[in-house]
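A.B. asks: Heads up: the protein sequence lines correspond to chains A and B, in order. FYI, the numbering for the first sequence is 1 to 111, going by the working numbering. FYI, the numbering for the second sequence is 112 to 224, going by the working numbering. A virtual CB, placed ideally from N, CA and C, is assigned to each residue, including glycine.
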Amino acid sequence: SQQGEEDPQALSIQEGENATMNCSYKTSINNLQWYRQNSGRGLVHLILIRSNEREKHSGRLRVTLDTSKKSSSLLITASRAADTASYFCATERQAGTALIFGKGTTLSVSS
Amino acid sequence: IAGITQAPTSQILAAGRRMTLRCTQDMRHNAMYWYRQDLGLGLRLIHYSNTAGTTGKGEVPDGYSVSRANTDDFPLTLASAVPSQTSVYFCASSEQGSYNEQFFGPGTRLTVL
Numbered sequence: 001s002q003q004g005e006e007d008p009q010a011l012s013i014q015e016g017e018n019a020t021m022n023c024s025y026k027t028s029i030n031n032l033q034w035y036r037q038n039s040g041r042g043l044v045h046l047i048l049i050r051s052n053e054r055e056k057h058s059g060r061l062r063v064t065l066d067t068s069k070k071s072s073s074l075l076i077t078a079s080r081a082a083d084t085a086s087y088f089c090a091t092e093r094q095a096g097t098a099l100i101f102g103k104g105t106t107l108s109v110s111s
Numbered sequence: 112i113a114g115i116t117q118a119p120t121s122q123i124l125a126a127g128r129r130m131t132l133r134c135t136q137d138m139r140h141n142a143m144y145w146y147r148q149d150l151g152l153g154l155r156l157i158h159y160s161n162t163a164g165t166t167g168k169g170e171v172p173d174g175y176s177v178s179r180a181n182t183d184d185f186p187l188t189l190a191s192a193v194p195s196q197t198s199v200y201f202c203a204s205s206e207q208g209s210y211n212e213q214f215f216g217p218g219t220r221l222t223v224l
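#1: Compute the distance between the beta-carbons of A/Ile76 and A/Val63, then report whether it is under 8 Å.
#2: What's the gap between the Cα of A/Ser58 and the Cα of B/Ser195?
#3: Note down, in chain order, each residue of its chain lying with its Cβ closer than 6 Å to the Cβ of B/Thr188, except the 5 sequence neighbours on either side.
#4: Using a Cβ distance threshold of 8 Å, determine whether the region 121-136 of chain B contacts the region 24-44 of chain A, with at least three qualifying pairs required.
#5: Please name the residue, chosen from B/His158, B/Ala163, B/Ile123, that lies closest to B/Tyr144 on a Cα-to-Cα basis.
#6: Do the CB positions of B/Ala163 and B/Arg179 come within less than 8 Å of each other?
#7: Determine the direct distance from the alpha carbon of A/Gly104 to that of B/Gly151, and round the result to whole angstroms.
#8: Just list the beta strand (DSSP E) runs in the region 5-32 of chain A, keeping only unbroken ones of 3 residues or longer that don't cross its boundaries, in chain order.
#9: Within the same chain, show all residues whose beta-carbon is closer than 6 Å to that of B/Gln213, passing over the 5 residues directly before and after it, in chain order.
#10: Mark A/Ser79 as exposed unless 16 or more other C-beta atoms lie within 10 angstroms of its C-beta, in which case mark it buried.
#11: Name, in chain order, the residues that DSSP records as bridge partners for B/Lys168.
#12: Answer yes or no: does any C-beta atom of chain A fall closer than 8 Å to that of B/Gln136?
#13: Out of A/Glu17, A/Thr67, A/Leu107, A/Ala85, which one is the CA nearest neighbour of A/Ser24?
#14: Can you name the residues of chain A whose CB is closer than 7 Å to the CB of B/Leu187?
#15: So is B/Ala126 buried or exposed if we call it buried at 16+ other beta carbons inside 10 Å?
#16: Does B/Tyr159 get closer than 8 Å to chain A when you measure Cβ to Cβ?
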């Protein structure tokens, strides 16, 4: 069963705009990770936020985590056409085993 | 070049045939994983291995088997392929367990006719 669910399923924006994607999960977690997948490629790790962290930044990426609401958001600021990809959140299946991925948000950035 | 390699890149297979998808990593990661990705269903875990010599079942293990004879290799075998196993298969690895980032291979596109 899915642990993380992304919202929206698809998002289309113009270059320069900000893109926000949300992830909701069901059970308590140790950390939550965000991944990116370009069409036809494998997933690439973007950022990991631990359960005791509320916000984390990496370049143009900002991730927040609200454990009381069991939700996380990924913000990409000043989007570029190269940000066009699918974005997935992932949480642990069971402690120390493997990740469960959501179905992803497909982001399309047009120039 | 450090990373994960998968072979073949793509394969068309007749139903009933046996097929092994290969995965090799050179990062000396303890944990390795196999996922399948299907449109509308996201990534689903097939099998995983936390360390050489051990394996575990994921969400969708039926029809698949794995082995982990050494740290670097984690082959996935379809004993008798069926059309529902048509998918893109990704191998991944991580240093130790799911609390670390996973590194993904480029994927194998498998079509079972």
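C.D. replies: Reading from the atomic positions:
#1: One-based indexing of the first sequence puts residue 76 of chain A at position 76. One-based indexing of the first sequence puts residue 63 of chain A at position 63. No. Outside cutoff.
#2: Walking along the first sequence from the start, residue 58 of chain A turns up at place 58. Walking along the second sequence from the start, residue 195 of chain B turns up at place 84. When rounded, the distance between both Cα atoms is 39 Å.
#3: For the purposes of this step, residue 188 of chain B is taken as the residue at position 77 of the second sequence. The residues are Thr131, Ser176.
#4: no
#5: Stepping through the second sequence from its first residue, residue 144 of chain B is reached at position 33. Checking every option, the nearest Cα to that of B/Tyr144 belongs to B/His158.
#6: Against the second sequence, residue 163 of chain B aligns to sequence position 52. Against the second sequence, residue 179 of chain B aligns to sequence position 68. In contact: B/Ala163 and B/Arg179 (Cβ atoms closer than 8 Å).
#7: Your numbering for residue 151 of chain B matches position 40 in the second sequence. Your numbering for residue 104 of chain A matches position 104 in the first sequence. Going from the Cα of B/Gly151 to the Cα of A/Gly104 covers about 9 Å.
#8: 10-14, 19-25
#9: Residue mapping note: residue 213 of chain B aligns to position 102 of the second sequence, counting from 1. Within the same chain, B/Gln213 has close Cβ partners Ala203, Ser205.
#10: Position 79 of the first sequence holds residue 79 of chain A. A/Ser79 should be labelled buried.
#11: Taking the second sequence and counting its residues from 1, one reaches residue 168 of chain B at position 57. In the DSSP output, where bridge partners are listed per residue, B/Lys168 has B/His158.
#12: Indexing the second sequence from 1 puts residue 136 of chain B at position 25. Not one chain A Cβ lies under 8 Å of B/Gln136.
#13: Here residue 24 of chain A refers to the residue found at position 24 when the first sequence is read from its first residue. Per the Cα distances, A/Thr67.
#14: As a first step, residue 187 of chain B must be located in the second sequence, where it is residue number 76. Correct list: empty, because the minimum Cβ distance to chain A is about 14 Å.
#15: Numbered from its first residue, the second sequence carries residue 126 of chain B at position 15. Exposed is the call here.
#16: What you label residue 159 of chain B is simply residue 48 of the second sequence in a count that begins at 1. Interface residue, yes.
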